[in-house]
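In the numbering used here, the protein residues as written are 641 to 1165.
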């Protein structure tokens, strides 16, 4: 028995075909010579068939198929018996209704396996031969039947079985294709959902990029990133640590939420605590239960945490950590992907900020010594002088020149001269207060602003510088290095910036004319 949907559907068709057979038999009887005594039996057989058909219709035999296969045997037996009876009552060998055996055979080919169908055809053939013999058929008619009709039975049987198997095979292939289509549709739906999620993430990244205040400080930009990230992820803690220039420490620059034990230190070593560990491994980290990750530190803490290293073009910049003070399940598909995208955007902002700082630094510093340049000195000088004038405090200017620098350059080469300038710059920086301002004025000249220093204090600083340089060996094999220093003071000597610079320059030249290695302060005398 074929345990497939196809035979079940055929049951519904056979019900309709049976009504057609009844109708054809009734019509055929009008043109057949049938003994009157057989009419009652014929009608009885047709009535029995009709009753069965009505019962089959209302009992939904295709549902019965799912519970038992006996319905097929019943159909075959009833149809074979009715048609055999009709053939026997209408002339046997000469009955025109033998062709209905072919319909029974075709349905058998659908219901049964080829072997069982063969037995059904054989049984029908034997019944037909038996009926023919009972109808007193002549030997020639028997031979005709055996040579023509019986082969037709088997031919129809073979064709029916072949078509049935082919239909079933195609049905199976169709089911396979349907399953493939279901899988494709499921995958398509999954991809659509993923695309929608990614689109949502990208849209939020874009929105956050818009919210980052361009032109503002790096701290303000990073705080905006933390705020937007906590809002999107529905969490309450976020922090960004940046790598210091020595690449040994991380410094907390921006944060949202208190963070508790997560933000225990604002400055920590690489490998220390969660931010330091993430920076050391340079890999994202998701921990949905920190109390299990580090029981000693996070005992009883409900924190869930997710962190990424901030890296751009292979250069480590810092660490971005998001956390929840209540239980939350972070996952890689949604939360981590979003944080990585935000991390890329944040890394770009950090790098751009560093580049801007570097450009600004280069614009105001001397490339050789690293000191501030003449242009920036003038800007700071005017500000400091304005401040001193406004609050009535003194200010002194020191103009410094390396004695015999041109001769040293000519004798030892420019590279030695450049090295000497760098060493002098370092030495000068070591002699000053934090509030003092040192710049390279031009070539071998340096200038120092001493806020809140009167002339006597300026002379003391100048002498300390002169002695320090005079007693120091800067480059082996290079003769003794000395400097000349000129001083002018506000408000004692001059109140305008140009005048103060002029007097400091004149006293510097006077110190050099007197042999160098000396300090001279401006005096109107």
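We put the beta carbon where it would ideally sit given N, CA and C, even for glycine.
query                                                                                                     : result
Buried or exposed by the 16-neighbour rule on C-beta atoms within 10 Å, applied to residue 1133           : buried
Complete alpha helix (DSSP H) runs within the stretch 761 to 802 (minimum length 4 residues, chain order) : 779 to 784
C-alpha gap between residue 913 and residue 890, whole angstroms                                          : 11 Å
Euclidean distance between Cα positions of residue 1075 and residue 1089                                  : 9 Å
Nearest candidate by alpha-carbon position, reference residue 1025, set 1122, 1086, 1048, 1128            : 1128
Proximity of residue 1084 and residue 1061 at Cβ, strictly below 9 Å                                      : yes
Segments assigned alpha helix (DSSP H), at least 4 residues, entirely inside the stretch 1027 to 1083     : 1045 to 1052, 1054 to 1070
Supposed close pair residue 1028, residue 1130 - CB separation, criterion 8 Å                             : 6 Å
Closest by C-alpha distance to residue 1086, when choosing among 1040, 916, 1009, 1137                    : 1040
Exposure of residue 1164, with buried meaning 16 or more beta-carbon neighbours within 10 Å               : exposed
8 Å contact criterion, which residue 750 and residue 723 should meet: CB distance rounded                 : That pair is no contact at about 17 Å.
Residue 1129 CB to nearest heavy atom of the ligand COA below 8 Å                                         : Ligands in the displayed structure: none, and consequently the ligand COA is not present.
Residue 966, DSSP secondary structure in three states                                                     : coil
Paired residues, beta bridge with residue 945 - DSSP                                                      : 927, 963
Ordered list of alpha helix (DSSP H) runs contained in the stretch 1100 to 1143, each at least 4 residues : none
Which residues DSSP lists as bridging residue 895, in chain order                                         : 879
DSSP-derived helix/strand/coil call for residue 1007                                                      : coil
Boundaries (first-last residue) of the alpha helix (DSSP H) holding residue 865                           : 858 to 873
Same chain only: Cβ atoms within 7 Å of residue 708, ignoring 5 sequence neighbours per side              : Note that residue 708 has pLDDT 49, beneath the 50 cutoff, so the model's placement of it is unreliable and no number is given.
CB contact check: residue 683 to chain D, cutoff 9 Å                                                      : The displayed structure is made up of one protein chain only, and chain D is not part of it.
Counted within 10 angstroms of its Cβ, other Cβ atoms place residue 915 as buried (16 or more) or exposed : buried
Test item: CB-CB of residue 728 and residue 684 under 9 Å                                                 : no
DSSP-derived helix/strand/coil call for residue 602                                                       : Residue 602 cannot be examined here, being either before or after the span of the chain that is shown, 641 to 1165.
Nearest neighbour of residue 1072, chosen from 1052, 1101, 1051, 1063 [CA to CA]                          : 1101
Buried or exposed (CB count within 10 angstroms, at least 16 for buried), residue 954                     : exposed
Buried/exposed call for residue 690, threshold 16 Cβ in 10 Å                                              : exposed
Residue 1000 burial status per 10 Å Cβ neighbour count (16 or more: buried)                               : exposed
Host alpha helix (DSSP H) of residue 1086 (start-end)                                                     : Unbroken run through residue 1086 is the beta strand (DSSP E), 1085 to 1091; no alpha helix (DSSP H).
Short Cβ contact (9 Å threshold) for residue 823 with residue 789                                         : no
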